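A.B. asks: Numbering (our numbering), first residue to last: 255 to 518. Glycine residues also receive a C-beta, built at the ideal position from the N, C-alpha and C atoms. Given the structure is predicted, the values throughout are model-derived calculations rather than measurements.
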DNA sequence: ATGGCCATCGCGGATGGA
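1. Spatial neighbours of residue 287 within its chain, please: CB distance less than 6 Å, with the 5 preceding and 5 following residues excluded, ordered by chain position.
2. Mind checking whether residue 271 and residue 367 have CB atoms under 9 Å apart?
3. Taking residue 333 and residue 313 to be in contact with their CB atoms under 8 Å, please state how far apart those CB atoms are, rounded to whole angstroms.
4. Could you give the uninterrupted runs of the beta strand (DSSP E) lying entirely in the stretch 378 to 421, keeping only those of 3 residues or more?
5. Do you know how far the Cα of residue 505 is from the Cα of residue 386?
6. With the cut-off set at 9 Å, would you say residue 235 and residue 441 are in Cβ contact?
7. Would you mind sorting residue 427 into buried or exposed? The rule is 16 or more other CB atoms within 10 Å of its CB.
8. For residue 326, list the residues DSSP reports as bridge partners.
9. Tell me which residues share the same chain as residue 397 and place their Cβ nearer than 7 Å to its Cβ, disregarding the 5 neighbours each side in the sequence.
10. How far does the beta strand (DSSP E) with residue 366 in it extend, from its first residue to its last?
11. Just checking, does the stretch 464 to 478 make contact with the stretch 377 to 386 on the three C-beta pairs under 8 Å criterion?
12. Whole angstroms is fine: what's the gap from residue 435's alpha carbon to residue 459's?
13. Measuring only the C-alpha atoms, how far is residue 450 from residue 304?
14. Runs of 4 residues minimum, wholly inside the stretch 460 to 511: which ones carry the alpha helix (DSSP H) assignment?
15. Assign residue 432 to buried or exposed, taking buried as 16 or more other Cβ atoms, counted over all protein chains shown, within 10 Å of its Cβ.
16. What residues are listed by DSSP as bridge partners for residue 260?
17. Identify, in the order they occur along the chain, each residue of the same chain with its Cβ nearer than 7 Å to the Cβ of residue 284, setting aside the five sequence neighbours on each side.
18. State the DSSP-derived secondary structure class of residue 444, mapped to helix, strand or coil.
19. Within the same chain, show all residues whose beta-carbon is closer than 6 Å to that of residue 405, passing over the 5 residues directly before and after it, in chain order.
20. Distance check for residue 462 and residue 497, CA to CA, integer angstroms please.
21. Excluding sequence positions up to five away, which residues of its chain have a Cβ less than 8 Å from the Cβ of residue 457?
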């Protein structure tokens, strides 16, 4: 079973790349079973549902105009879909969750687009901290109900300096502050595992590169897209990789997919 | 020394991203 997350930075622009990537994955061996998308940047009435269904996927989506927007594509239907964090009032479309069946029981999937946070000391940073607290309180409850749980998406937070191309230059900068990393660590301490680090990775593995300064070619990036798995799923994880190929496309997203393979 | 890109909205240039 393969699960993936990808911040597409506009699904309107990137839909052909998403469909081509899904087809290539299937061609290469095993099809993606669940794909969480972030920054679809489209309202639900304009969401390309028919095109995605024609490609053999069910889809649940939750968007808004211009900003944010998330979706869950899945081979099997996602059940009990929930949008955003229950009890946390938010006018931004950032989270979509659903339950998918696997041969070893149901898996609760949470796809999330964490706030950017702009810079420490700003209102947006405070919003990010409130959002992270609310997410953690909710995920704690979700884990109690759904032992098999995956939390994946664009976290907009690095775990540590291994996730940063320039740790000195980015010291205590947005995505790299102690405060953000403390929140991420607290999330992990609920009983989640950073699936990428469960496996040997190439040095300087990143999931996002700035469009400017030829950052991708120079591998000046950040690892801010993560797949966290619950304790009950940990032993089923067989591999986790960052697929850099889509970042080489014409008109790429600035993020590239992260792919987790679970034993069936 | 600074900013250098891209998407959106909408038709110029501001805003947000990270």
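C.D. replies: From the atom records:
1. 255, 256 and 329
2. no
3. Not confirmed; about 13 Å, so no contact.
4. 403 to 408
5. When rounded, the distance between both Cα atoms is 31 Å.
6. A query on residue 235 cannot be resolved here, the shown segment of the chain reaching from 255 to 518 and no further.
7. exposed
8. 290 and 314
9. 403, 444, 445 and 484, listed in sequence order.
10. 359 to 367
11. no
12. Cα to Cα, residue 435 sits roughly 18 Å from residue 459.
13. 32 Å
14. 485 to 488
15. exposed
16. 291
17. 256
18. Reduced to three states, the DSSP call for residue 444 is coil.
19. When the five nearest sequence neighbours on each side are left out, the beta carbons in the same chain lying within less than 6 Å of the beta carbon of residue 405 are those of 364 and 482, in order along the chain.
20. 11 Å
21. none
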